[in-house]
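One structure is given below, encoded as structure tokens.
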Amino acid sequence: MKLTQEERRQFADDGYLIYEALINGEKLAGYQAMFDGFVEKSKTLPVGTPHYTYELTEDRQQIPGFLHKIQGVCVAEPPTLSLAMESEIVERIIELIGENVDVFGTKFFPKLPNGGTSVWWHQDNFYFGTNSDEIISCGIYLQDADEENGCLRILPGSHLKKEIVVHEPAHKTYGSWTEVDESKALDVVCPAGTVVLFGANLLHGSYDNVSDRPRYSTAWHYVPDDVAQDRFPNPGYSDRHIVRRAE
Ligand SMILES: O=C(O)CCC(=O)C(=O)O
């Protein structure tokens, strides 16, 4: 068993679990180098390349070479699927949602120095059109993350009402976001290799990167194989992958 009673209680009551430096040593260095390669590649790709999006100017033009996100990263760059399959993560996931697990909605955020962005306050389930508490979101921080280079922020306990709040598009960003009482937020300052698991109803966001350091992370969602969403049905959507099936 990977999860303690206290972790189960924390996940149920607060809505999240943080595992500092769960991915470490040579394995972490290998993933960092892999993602360095995608950042280098992105500098040579034209704006409009499928899966790759770039940071926006004030008038919403993509800035060539300034990578914002690789959406569907496990489709665009299949070797990244091995990170989603890491047993240290999956063993914990199966204790939360059972042994038949898929992953979907795979993303890489490089959050590059001096202006890189990822997300503002939101609930992942707003994007999935559900309030299911069977969807477990997972952020993997491949580099040290703090307030300056754009760490994750979460609102503990905000999943409990199972309500999806109003989200609105914001200028100069790609998504739709909400506002929260930030005095109740927890900033997840963490070392490289940290894995954060949280329910898809939890309100969370992140700071923009105002530092001269990058902040690579991946974000994706684990789900029991029998749960289908409109955007990521099973089978038939290329960004939904089998992670584990019971023997
Ligand atoms: O960039 C981050 O730290 C969080 C990413 C995230 O929460 C998301 O993609 O929904």
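In the numbering used here, the protein residues as written are 10 to 256. Here a beta-carbon is modelled for each residue, glycine too, at the ideal position from N, C-alpha and C. Note that this is a predicted model, so its numbers are computed, not measured.
- Query: Taking any heavy atom of ligand 1 as the mark, which residues have a C-beta closer than 6 Å to it, listed down the chain?
  - Reply: Answer in sequence order: K116, F118, S127, V128, D133, G148, L161, H213, S215, S226, A228.
If you follow the beta strand (DSSP E) that I145 is part of, which residue opens it and which one closes it? The count along the sequence shown starts at 1 and reaches residue 145 at position 136. Start and end: 145-150.
Exercise. Is it a yes or a no for the segment 64-76 touching the segment 185-200, going by three-plus beta-carbon pairs under 8 Å?
Worked result: no
I98 (DSSP reduced to helix, strand or coil) | In the sequence shown, counting from the first residue as 1, residue 98 sits at position 89. Residue state, collapsed to three classes: helix.
Open item on the list: How far does the beta strand (DSSP E) with A228 in it extend, from its first residue to its last?
Closed with: Residue 228 sits at position 219 when you count from the first residue of the sequence shown. Bounds of the beta strand (DSSP E) holding A228 are 226-233.
(message) Suppose you measure from the CA of E172 to the CA of N210; what does that come to, to the nearest Å?
(response) Position 163 of the sequence shown, counted from the first residue, corresponds to residue 172. Position 201 of the sequence shown, counted from the first residue, corresponds to residue 210. Going by the C-alpha atoms only, they are around 8 Å apart.
Distance check for A21 and K52, CA to CA, integer angstroms please.
Numbered from its first residue, the sequence shown carries residue 52 at position 43. Numbered from its first residue, the sequence shown carries residue 21 at position 12. If I take the Cα positions, the gap works out to 42 Å.
Determine the contact status of H230 and I145, defining contact as a CB-CB distance below 8 Å.
-> Residue mapping note: residue 230 aligns to position 221 of the sequence shown, counting from 1. Residue mapping note: residue 145 aligns to position 136 of the sequence shown, counting from 1. Yes. Within cutoff.
To which residues of the same chain is Y1 closer than 7 Å at the C-beta, ignoring the five residues directly before and after it?
This structure does not reach residue 1, given that the chain is present from 10 up to 256, and the question cannot be answered.
Next item on the list: Starting from the C-beta of D142, find all residues in its chain whose C-beta is less than 8 Å away, skip the five residues before and the five after it, and write them out in chain order.
Entry: Numbered from its first residue, the sequence shown carries residue 142 at position 133. Correct list, in chain order: H168, K171, G208, A209, N210.
query: When you compare only the Cα positions, how much space is there between T182 and L105?
result: Within the sequence shown, numbered from 1, the residue matching residue 182 stands at position 173. Within the sequence shown, numbered from 1, the residue matching residue 105 stands at position 96. Their Cα atoms are separated by approximately 33 Å.
If you reduce the DSSP assignment to three classes, tell me which class D111 lands in. Numbered from 1 along the sequence shown, position 102 holds the residue referred to as residue 111. D111 falls in the strand class under three-state DSSP.
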